[in-house]
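S.K.: Offset between the sequence shown (1-based) and the numbering used here: plus 391.
Glycine residues also receive a C-beta, built at the ideal position from the N, C-alpha and C atoms.
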Amino acid sequence: MAEIEVKGGKKHAPRIDLTPMVDLGFLLITFFMLTTTMSKPKAMEIQMPFKDPNMKDEDKNKVKKDEALTVLLSKDHRIYYYNGIGDDPTNPPQVEVTYFKDKDGIRDVLINKKKTVQSLISQGVLNAQDKAIVLIKPDSTSTTEDLINILDEMTINAIPVYAVVDITPVDQDFIKATEAANPQ
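#1: According to DSSP, residue 474 sits in a beta bridge with which residue or residues?
#2: In three-state DSSP terms, what is residue 517?
#3: Using a Cβ-Cβ cutoff of less than 8 Å, which residues in the same chain neighbour residue 512 once the five nearest sequence positions on both sides are dropped?
#4: So, for residue 358: in the same chain, excluding its five sequence neighbours on each side, which residues have a beta-carbon less than 7 Å away from its beta-carbon?
#5: For the beta strand (DSSP E) that contains residue 525, what are its first and last residues?
#6: Do residue 470 and residue 456 come within 8 Å of each other at the CB atom, strictly closer than that value?
#7: Mind checking which residues open and close the alpha helix (DSSP H) that includes residue 426?
#8: Exposed or buried, which one is residue 551 when buried takes at least 16 other CB atoms within 10 Å?
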């Protein structure tokens, strides 16, 4: 305990010995350091591609047209989409327009695509390992919010395979042709 020393007859200011407080401070610091839990590093899970040693190089990155859905993000929160990968500009796909809305929006399109792929698997057109694949192509006029919303839709609808890829000039021509046919 701290003692107050009084010498002689003169009254001086009392002197308190604070040496034990240093020991108490170190004990508290040691206690809190040993009892705290360190934050664990957070890491995203990524799905690495399956490596098949028997697969040829030309077949490694091929996406089947029946399992693919291409989503084009554009200005004013418009979403253009078509089935397949749209690699043949001489035979353009049927491009549709939708928005992020509850009824007849992009969510319904994704659900229908999953059902279509499942029916093709049950008919034997696709293999049992095949899944719906969504190619997301944001245009330079689209917003970051639209990209985040479409990625949320992939998670909500449990789309197993999707990729954000650069939009091609052919896809931009599809958007222009669809806008010209359906002015809004």
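M.R.: So, to answer that:
#1: Taking the sequence shown and counting its residues from 1, one reaches residue 474 at position 83. Among the bridge pairs identified by DSSP, residue 474 is matched with 460.
#2: Along the sequence shown, read from residue 1 onward, the residue named residue 517 stands at position 126. Coil, per DSSP.
#3: Start at 1 with the first residue of the sequence shown, and residue 512 comes out as number 121. So the list reads 518, 519, 521, once near-sequence residues are dropped.
#4: Absent from the structure is residue 358, since the part of the chain shown begins at 392 and ends at 575.
#5: In the sequence shown, counting from the first residue as 1, residue 525 sits at position 134. Residues 524-529.
#6: The residue labelled residue 456 in the question sits at position 65 within the sequence shown. The residue labelled residue 470 in the question sits at position 79 within the sequence shown. At a Cβ-Cβ threshold of 8 Å, residue 456 and residue 470 do not count as neighbours.
#7: Residue mapping note: residue 426 aligns to position 35 of the sequence shown, counting from 1. Residue 426: member of the alpha helix (DSSP H) spanning 410-426, first to last residue.
#8: As a first step, residue 551 must be located in the sequence shown, where it is residue number 160. By the Cβ-count criterion, residue 551 is exposed, with fewer than 16 other Cβ atoms from all chains shown falling within 10 Å of its own Cβ.
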